[in-house]
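Colleague:
In our numbering, the protein residues as written are 12 to 730.
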């Protein structure tokens, strides 16, 4: 893999690209698939977000976001010299069939669904996405292009590398003009780090497309029409007449959509606001097209591209949802994604990773304008009473400034929180499920570094606050340590979160602020908020989730968000009807139950009652997806147990021991991970020990092969 020199403003340009991608997707998502005519008639020309017209959240789960920022992690899983086959392995590690990342439209209908089934059935990439395997109609839909932005952002100024990576990634699921389009767009985005000349970008991108391809003819036609028409609506109509949906097979062909993207870039590539207007008003696959255009235009023009127009960044607040089997990456934000991409790009370029901002604080507000999901949640407050912005103080310290101007008594504090788990509005999200694990759990320590401005009119009371789900599937408040900040005072609040929520997940964390005398004019600065350590908690079915046969129609109580903590690839996942909290079944092959994040490093997980009813099963630790974990496995012959490392399609026995075990018998099973040591115990007695350092952190769970398993609870504690 060829290294490249990095632009001086690489970090901020990637941040702009990530924001541009998110903004573009979330603008176009509500009316995806609409024609231009329908958009103009029902919505008018698109100049800003329209989600509220659809009674939908702005930030939703979407394949364009999830695939873009999950598939690029193949560079982490498989190294820098990536092949299409390697990226296919990342698909299988992160995609849960019919649940995460993709549009599950059916075999032979959805290109990605078709390719996934090929991979699952042993057809390796690139054959999994080839025209020979799937036919031309399936292989040339839009999907190769929509996931490529990450490959360009790790190859700034290196279009050859970006095109190579985009080809390898696109070929997992697509072929022909679809992959050509992915290469062209990735090359343009990589070149956009060093050039703002749209015609130059197109010339660079076309170097990676066969001269006689339909894609080359499409670009040439549009360039000519743009020069003649000088009117994007007239050119759009020409594209529809010559290259419209009616000219191509399948659900969402690449050529019509790529055509309007090229047109939007030529007319409006100089200005983000104009680009969003044109590409979204054009119609068809609006979230895909808008996301790619948004990323390229933002990379090209930098963070200033979002200024002097509609407020794109305020409603977004950096938030992103990324659904995959690695649930600790699902509740995400643009700053975190940016640092991951930049450090990968630096590694490719032979550079050391950037120092972790503020000693590794997850919420550090070090990028210009970044709020990392923090919003004032008391929406009844008028905007002039609470304002949140990223600032740098007179000592050059970045932070989140919370400006207060009005009545903020202790009974009605201002809440400034960020989400750390699946939001309540998940029930309004359509098409794409969200697989996620809580970022913060009981037993971990939350630390906030705060100050009050010297110009504040009064002292301000601040306490750490979290909100967790309750049996009614609403959020309950739980407060931690508090302090009173006098004008000019700085303070650090530290809170070890207790296991006090009956296995209900924490959904938000942040601050609650009030003034003892009721009225305050001033500013509190949050310099960082971090969480650390391994959890100390029990996970089981909450008391409020018990099945109640006396409710109408035998329905159970709401109490469903505790179950969403668990990511599963199982055939059946029962959480009621049975005495055990978890009754798990896998009809064929391997199924997984997972929760936790890669921040969980050294810990012990124990299951007091681990009962295999059929087949074989294991207790998993340091889980990083469906195919990357360690497990204490009860062997299929019922005469052995083993410590196993899952690595892609391989299941490697690190060590094994003779141990006769029985079906329908409860065993107390414990696995401890500390450094490179993995220790497995049954009934309090150590039976296995191994040494392996490939996976340094990750969640916990269970694996079941061709059978079923009952578990009463998981007890997790630091070592």
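Note that the Cβ used here is the ideal one computed from N, Cα and C, for glycine as well.
Predicted model only: the values in this text are computed from it and were never measured.
Quick check on the DSSP output: the alpha helix (DSSP H) that includes residue 408 runs from which residue to which?
Modeller: No alpha helix (DSSP H) contains residue 408, which DSSP labels as neither H nor E.
Colleague: Rounded to whole angstroms, what is the Cα-Cα separation between residue 360 and residue 516?
Modeller: So the two alpha carbons sit approximately 40 Å from each other.
Colleague: Could you give the first and the last residue of the continuous alpha helix (DSSP H) run that contains residue 284?
Modeller: Element bounds for residue 284: 283-293.
Colleague: Between which two residues does the beta strand (DSSP E) harbouring residue 581 extend?
Modeller: Note, residue 581: premise wrong, no beta strand (DSSP E); not H, not E.
Colleague: Taking the beta carbon of residue 552 as the centre, do at least 16 other beta carbons fall within 10 Å, making it buried, or is it exposed?
Modeller: Its Cβ being crowded by 16 or more others within 10 Å, residue 552 is buried.
Colleague: Could you check the C-alpha separation between residue 303 and residue 168 for me, to the nearest Å?
Modeller: Using only the alpha carbons, I get a separation of about 17 Å.
Colleague: Determine the DSSP secondary structure at residue 398, reduced to helix, strand or coil.
Modeller: Strand.
Colleague: One question on the structure: do residue 488 and residue 334 come within less than 9 Å of each other, judged by their Cβ atoms?
Modeller: No. Outside cutoff.
Colleague: Using DSSP bridges, identify the partner residues of residue 678.
Modeller: Per DSSP, 621.
Colleague: Could you tell me the boundaries of the beta strand (DSSP E) in which residue 497 lies?
Modeller: Segment: none, residue 497 is in no beta strand (DSSP E) and carries neither H nor E.
Colleague: Please state whether the Cβ-Cβ distance between residue 173 and residue 163 is less than 9 Å.
Modeller: Cβ atoms of residue 173 and residue 163: closer than 9 Å.
Colleague: Tell me the start and end of each unbroken alpha helix (DSSP H) in the stretch 185-211 that is at least 4 residues and wholly inside, in chain order.
Modeller: Counting only runs of 4 or more, we get 188-202.
Colleague: Helix, strand or coil: how does DSSP classify residue 5 here?
Modeller: Outside the shown range of the chain (12 to 730) lies residue 5, about which nothing can therefore be said.
Colleague: Along the chain, where does the alpha helix (DSSP H) that runs through residue 76 open and close?
Modeller: 74-82 is the span of the alpha helix (DSSP H), which, as asked, contains residue 76.
Colleague: Using CA atoms only, rank isn't needed, just tell me which of 222, 268, 83 and 270 is closest to residue 183.
Modeller: Checked all of 222, 268, 83 and 270; the closest Cα to residue 183 is 83.
Colleague: Could I get the ranges of all uninterrupted beta strand (DSSP E) runs contained in the stretch 409-451, with 3 residues as the minimum, in chain order?
Modeller: You should have 409-418 and 425-430.
Colleague: Look at the alpha carbon of residue 561 and the alpha carbon of residue 497, and state the distance between them as a whole number of angstroms.
Modeller: Confidence at residue 561 is low in this model, with a pLDDT of 49, below 50, so the placement of that residue should be treated as unreliable; the coordinate-derived value is given next. Cα to Cα, residue 561 sits roughly 55 Å from residue 497.
Colleague: With a floor of 4 residues, list each alpha helix (DSSP H) that falls wholly inside the stretch 518-545, ordered by position along the chain.
Modeller: Whole alpha helix (DSSP H) segments, 4+ residues: zero.
Colleague: Where does the unbroken beta strand (DSSP E) through residue 479 begin, and where does it stop?
Modeller: Residue 479 -> beta strand (DSSP E) spans 471-480.
Colleague: How should residue 132 be labelled, buried or exposed, when 16 other C-beta atoms within 10 angstroms of its C-beta is the threshold for buried?
Modeller: So residue 132 counts as exposed.
Colleague: How would you write the range of the alpha helix (DSSP H) that residue 651 sits in, first residue to last?
Modeller: Premise fails: residue 651 lies in the beta strand (DSSP E), 651-658, not in any alpha helix (DSSP H).
Colleague: Helix, strand or coil, according to DSSP, for residue 699 in the structure here?
Modeller: Here residue 699 sits in strand by DSSP.
Colleague: Nearest to residue 11 by alpha carbon, out of 636, 145 and 713?
Modeller: Any answer about residue 11 is impossible in this case: the structure gives the chain only from 12 up to 730.
Colleague: Given residue 170, which residues of its chain have a CB within under 6 Å of its CB, disregarding the five upstream and five downstream residues?
Modeller: Answer for residue 170: 198, 201, 202 and 215, listed in chain order.
Colleague: Using a Cβ-Cβ cutoff of less than 6 Å, which residues in the same chain neighbour residue 467 once the five nearest sequence positions on both sides are dropped?
Modeller: Hits under 6 Å: 498 and 533.
Colleague: Is it true that the CB of residue 279 sits closer than 9 Å to the CB of residue 290?
Modeller: Yes, the Cβ-Cβ distance between residue 290 and residue 279 is below 9 Å.
Colleague: Is the CB-CB distance between residue 403 and residue 26 below 9 Å?
Modeller: In this structure, residue 26 does not lie closer than 9 Å to residue 403 by Cβ.
Colleague: Check whether the stretch 444-454 and the stretch 603-622 touch, using three or more Cβ-Cβ pairs below 8 Å as the test.
Modeller: The stretch 444-454, when compared against the stretch 603-622, does touch it at the 8 Å Cβ threshold.
Colleague: Which residues in the same chain as residue 205 place their Cβ atom closer than 6 Å to its Cβ, once the five residues preceding and following it in sequence are excluded?
Modeller: Excluding residues within five positions, the ones whose Cβ falls inside 6 Å are 168.
Colleague: Which residue comes first and which comes last in the beta strand (DSSP E) that contains residue 166?
Modeller: Premise fails: residue 166 is in no beta strand (DSSP E) and is neither H nor E.
Colleague: Does DSSP classify residue 133 as helix, strand or coil?
Modeller: Note: residue 133 maps to coil in three-state DSSP.
Colleague: Could you tell me the alpha carbon to alpha carbon distance between residue 287 and residue 210, rounded to whole angstroms?
Modeller: Going by the C-alpha atoms only, they are around 19 Å apart.
Colleague: Between the stretch 648-661 and the stretch 92-110, can you find at least three pairs of beta-carbon atoms closer than 8 Å?
Modeller: Yes, since at least three Cβ pairs between the stretch 92-110 and the stretch 648-661 fall closer than 8 Å, the two stretches touch.
Colleague: On the CB-based measure, 16 or more other CB atoms within 10 Å of its CB, does residue 137 come out buried or exposed?
Modeller: The residue in question, residue 137, is buried, as its Cβ has 16 or more Cβ neighbours within 10 Å.
Colleague: For a test of the three-state rule: what should DSSP assign to residue 603, helix, strand or coil?
Modeller: Residue state, collapsed to three classes: strand.
Colleague: Going by DSSP, what residue range makes up the beta strand (DSSP E) through residue 640?
Modeller: 639-645 is the extent of the beta strand (DSSP E) around residue 640.
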